[in-house]
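Engineer: First, the structure itself, so that you have it in front of you.
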Amino acid sequence: MVSSYTAIANGGYQIKPYAINNITDNYNNILYQTEYYKEKILNKKIAKKISNLLHGVVIWGTGKNAQINGITVSGKTGTSQDYRDAWFIGYTEDLVLGIWLGNDQNKPLENISGGSYPALLFADILYQYYK
Numbered sequence: 140m141v142s143s144y145t146a147i148a149n150g151g152y153q154i155k156p157y158a159i160n161n162i163t164d165n166y167n168n169i170l171y172q173t174e175y176y177k178e179k180i181l182n183k184k185i186a187k188k189i190s191n192l193l194h195g196v197v198i199w200g201t202g203k204n205a206q207i208n209g210i211t212v213s214g215k216t217g218t219s220q221d222y223r224d225a226w227f228i229g230y231t232e233d234l235v236l237g238i239w240l241g242n243d244q245n246k247p248l249e250n251i252s253g254g255s256y257p258a259l260l261f262a263d264i265l266y267q268y269y270k
């Protein structure tokens, strides 16, 4: 789901997620370099409209806890029935991040919604990233 948000964040291109950018040896010779994969899946104007709506979620809606001073954040909260899952997926101009909280045993959380701890954790991680 997080990779789908890349298309909204960057004007329509879905980017395949990766964990390793490159691998180098002790002499800085690149042994492996990630090949970036992107595919146009969304019209740029539509992506911009969706992005404006998702920015509103963070400014005026359930995603207020994801706000970071001086950084434009857009995103969406999510909470499943009975509070079994809570998530926040958001992005800035150069980073997309998804946070999920839940129990492997499918037990309800203690009234945790996507706009609470997941959004707060998102903001904390991004604050550290941009610091």
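Residues 140 to 270 (this note's numbering) are what the sequence shown spells out, left to right.
Think of the CB as a built atom: it goes at the ideal place given N, C-alpha and C, for glycine as much as any other residue.
These numbers come from a predicted model, not from an experiment.
(1) Tell me the residue span of the beta strand (DSSP E) that contains Thr216.
(2) Taking Thr201 and Gly253 to be in contact with their CB atoms under 8 Å, please state how far apart those CB atoms are, rounded to whole angstroms.
(3) Between which residues of its own chain and Val141 is the CB-CB distance below 8 Å, once the five residues before and five after are set aside?
(4) Taking a contact to mean a Cβ-Cβ separation below 9 Å, would you say Gly151 touches Ala186 in this structure?
(5) When the Cα atoms are used, what is the spatial distance from Lys246 to Asp263?
(6) Mapping DSSP to helix, strand and coil, what is Asp263?
(7) Check whether the Cβ atoms of Thr163 and Ile154 lie closer than 9 Å to each other.
(8) With DSSP as the reference, identify every bridge partner of Trp226, one or two as the case may be.
(9) Answer with buried or exposed for Ile180, where buried requires no fewer than 16 other C-beta atoms within 10 angstroms of its C-beta.
Structural biologist: Short version:
(1) Here residue 216 refers to the residue found at position 77 of the sequence shown. Taken as a continuous stretch (DSSP letters only), the beta strand (DSSP E) holding Thr216 covers 213-218.
(2) For the purposes of this step, residue 201 is identified with residue 62 of the sequence shown, where counting begins at 1. For the purposes of this step, residue 253 is identified with residue 114 of the sequence shown, where counting begins at 1. Their Cβ separation, rounded to whole angstroms, is 7 Å, which keeps Thr201 and Gly253 in contact under 8 Å.
(3) For the purposes of this step, residue 141 is identified with residue 2 of the sequence shown, where counting begins at 1. Pro156, Ile228, Val235, Leu236, Gly237, listed in sequence order.
(4) Here residue 151 refers to the residue found at position 12 of the sequence shown. Here residue 186 refers to the residue found at position 47 of the sequence shown. Yes, the pair counts as a contact, with Cβ atoms nearer than the cut-off.
(5) In the sequence shown, counting from the first residue as 1, residue 246 sits at position 107. In the sequence shown, counting from the first residue as 1, residue 263 sits at position 124. Going by C-alpha positions, Lys246 is about 26 Å away from Asp263.
(6) In the sequence shown, residue 263 corresponds to position 124, counting from 1. Of the three classes helix, strand and coil, the one that applies to Asp263 here is helix, per DSSP.
(7) What you label residue 163 is simply residue 24 of the sequence shown in a count that begins at 1. What you label residue 154 is simply residue 15 of the sequence shown in a count that begins at 1. Their beta carbons are not under 9 Å apart, which means Thr163 does not touch Ile154 by this criterion.
(8) The residue given as residue 226 occupies position 87 in the sequence shown. BP columns for Trp226 point to Gly217, Trp239.
(9) One-based indexing of the sequence shown puts residue 180 at position 41. Counting Cβ neighbours within 10 Å, Ile180 comes out exposed, since fewer than 16 surround it.
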